[in-house]
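Remarks on the structure that follows.
Numbering (our numbering), first residue to last: 1 to 210.
So, in structure tokens, the structure goes:
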């Protein structure tokens with residue numbers, strides 16, 4: 001159920017697929033099988049949810065699912081929305097529109113496949129919106145892992161190939177043409193292939209054992 005925000009609240013929206021066998025991390029599935037792909041996706045999802053556990057209570061945390069799973073009780077501090085069946089750009093516009101319409105002053109959207117995203121980066125993104133219209137977190141593959149705004153901005157989601165390697169460039173070009181200000185955060189890598197997962201898992205293991 002969507003309810004009105006208290007004054008001054010911000011929204012963090014996590015776009016997520018329902019963790020179902022054969023429906024997530026399809027590139028990894030073609031490399032090592034659907035079961036390992038599901039394991040990777042589930043771990044990534046739990047990782048980002050856990051990393052946001054200490055966000056200020058003034059931040060409303062929302063998971064927008066492609067299909068709301070049965071185990072929403074595993075995410076007790078999060079609201080659960082159902083994504084519309086539209087392309088990624090329209091889905092992100094929908095998420096910002098809904099959040100702002102419900103009273104959020106700032107809305108940040110992230111995906112579930114960026115393992116190094118942190119609470120500090122999310123807080124920095126919210127702070128950045130104090131002095132710019134849009135904040136973007138560039139991904140190493142040419143897209144972005146985070147996008148945030150304070151209002152509906154149609155130019156933020158142009159009609160482009162959302163699976164391409166020039167998503168960030170096309171987005172910033174669209175913003176520049178219309179005079180909409182934006183700031184970029186630091187670059188992070190997502191997990192698209194099995195080798196990405198192996199590299200990240202190994203790095204985290206070394207860190208936790210040191």
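Beta carbons: idealized from backbone N, C-alpha and C, even for Gly.
*Based on Cα-Cα distance, which residue from 48, 157 and 106 lies nearest to residue 115?*
Start at 1 with the first residue of the chain shown, and residue 115 comes out as number 115. Checking every option, the nearest Cα to that of residue 115 belongs to 48.
*Any chance the segment 12-22 sits against the segment 58-68, with 3 or more Cβ pairs inside 8 Å?*
yes
*Cut-off 8 Å between Cβ atoms - residues of its own chain near residue 55, not counting five sequence neighbours on either side*: Here residue 55 is taken as the residue at index 55 of the chain shown, counted from 1. Closer than 8 Å at the Cβ level, and outside the excluded window around residue 55, lie 12, 61, 119, 122 and 123.
*Tell whether a beta-carbon distance below 7 Å holds between residue 128 and residue 183.*
By 1-based counting over the chain shown, the position of residue 128 is 128. By 1-based counting over the chain shown, the position of residue 183 is 183. In contact: residue 128 and residue 183 (Cβ atoms closer than 7 Å).
*Quick one: what's got a C-beta closer than 8 Å to residue 154's C-beta in the same chain, skipping five residues either side?*
The residue you call residue 154 lines up with position 154 of the chain shown. Within the same chain, residue 154 has close Cβ partners 93.
*Given a threshold of 16 other Cβ atoms within 10 Å of its Cβ, counted over all protein chains shown, does residue 151 qualify as buried or as exposed?*
As a working mapping, residue 151 is identified with position 151 in the chain shown. It counts as exposed.
_Start and end residues, alpha helix (DSSP H) containing residue 89_ = Taking the chain shown and counting its residues from 1, one reaches residue 89 at position 89. That run of the alpha helix (DSSP H) goes 88-101.
*Where the alpha helix (DSSP H) through residue 176 begins and ends*: Within the chain shown, the letter at position 176 stands for residue 176. Per DSSP, residue 176 belongs to the alpha helix (DSSP H) from 167-177.
*Exposed or buried, what is residue 99 when buried is set at 16 or more other beta-carbons lying within 10 Å of its beta-carbon?*
Taking the first residue of the chain shown as 1, we reach residue 99 at position 99. The residue is buried, with at least 16 neighbouring Cβ atoms inside 10 Å.
*In three-state terms, what does DSSP make of residue 194?*
The residue you call residue 194 lines up with position 194 of the chain shown. Here residue 194 sits in helix by DSSP.
*asked:* With H, G and I counted as helix, E and B as strand and the rest as coil, what does DSSP make of residue 78?
replied: Your numbering for residue 78 matches position 78 in the chain shown. In this structure, residue 78 counts as coil in the three-state DSSP scheme.
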